[in-house]
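Numbering (my numbering), first residue to last: 794 to 1004. The structure under discussion appears below in the form of structure tokens.
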Amino acid sequence: MRKWVTAIALVLGVALGAALALNRNEPVVGGPCEGCDAVFQGRPDDPGSSARIAPVGERGEALVLAGVVRDARGQPAAGIIVYAYHTDAAGIYPPDERFRGRSAYHHGRLRAWARTDASGRYRFATIRPGGYPDSGEPEHIHLHVIEPGRCTYYIDDVLFDDDARLTDRHRQRLEGRGGSGLTSPRKDEKGVWHVSRDIVLGQNIPGYPLN
Ligand SMILES: [Fe+2]
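And the structure:
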């Protein structure tokens, strides 16, 4: 009898430990960032590999952002969470009142998570973001990576090489965090923009854990 009790307690302990590990917020590496903790605020428990950022009907030009996440050896990385947020077509981050007083409030309501599939693929359907009003900053989509149970960090923004605001100065200051975020948009026959942003885990991320 005692053996059974011990075995059941062991199984329950392992299950509880696994649940706690899944729910724990991963440590931030690669330096602090504005709103790094927002990646956990509102995160769905089980995001799929394809997610929608801007709702259907959002004003703006439809855009699909997709890519493959690989590790440093070039192997596809499954189960990695990619978090994305961006401005609306007018170039502002429309606040999400559900998160007033928290970091996610400033990331706005156009945000979503996707978890890479067995081939390391992720995909977001959204709109093309507008550049900030009265600013020379180029259009961009912010991206963060969450490696479950390991760490989280921001990577280079998605940028668009057909954007008139994207100057040589902007190109020179790219850090290559997680690989290049510079994309070449193409429009399909339905008028939907497509950009590809592959990600290399840990690339140019200071303090990235080596094992
Ligand atoms: Fe921004």
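C-beta atoms are modelled at their ideal positions from N, C-alpha and C, and glycine is treated no differently. Please read these numbers as outputs of a predicted model, since none were measured by experiment.
Taking C-beta atoms as the reference points, Leu-1003 and Asp-864 fail to come closer than 8 Å. In this structure, Tyr-898 sits away from Pro-887, with a CB-CB distance that is not shorter than 8 Å. Put simply, the backbone Cα of Thr-909 is about 15 Å away from that of Gly-942. Counting only residues of its own chain and dropping the five nearest sequence neighbours on each side, Arg-902 has a CB closer than 6 Å to the CB of Pro-887 and Asp-889. Judged by the Cβ position, His-933 qualifies as a neighbour of ligand 1 at the 7 Å threshold, a heavy atom of the ligand being closer than this. Residue pairing from DSSP places Ser-843 in a beta bridge opposite Arg-916. Three or more Cβ pairs closer than 8 Å define a contact, and the stretch 841-854 meets that threshold against the stretch 917-928. The Cβ atoms of Cys-944 and Glu-827 do not sit closer than 8 Å to each other.
In the three-state reduction of the DSSP assignment, Val-832 falls in the helix class, which pools H, G and I. Collapsing the DSSP output to three states places His-899 in a helix. The three-state secondary structure of Arg-863, taken from DSSP, is strand. In the displayed model, Arg-979 falls within a strand according to three-state DSSP. Note on Gly-1000: under 16 other CB atoms within 10 angstroms of its CB, so exposed under the neighbour-count rule. Ile-934 is classed as buried because its beta carbon has at least 16 other beta carbons within 10 Å across all chains shown. Taking C-beta separations shorter than 7 Å and ignoring five residues to either side along the sequence, the partners of Gly-884 in its chain run Gly-923, Gly-924, Tyr-925 and Pro-926, following chain order. Going by beta carbons, Gly-974 and Asp-956 fall outside the 8 Å limit.
Here Glu-968 carries a coil assignment [DSSP, helix/strand/coil]. Residues of the same chain with a CB within less than 7 Å of the CB of Ala-905, apart from the 5 flanking positions on each side, are Ala-844, Arg-845, Ile-846, Ala-877 and Phe-917 in chain order. For Asp-950, the enclosing beta strand (DSSP E) has its first and last residue at 944-953. Inclusion of Val-988 and Thr-976 in the CB contact set at 8 Å is warranted, their separation being smaller than that value.
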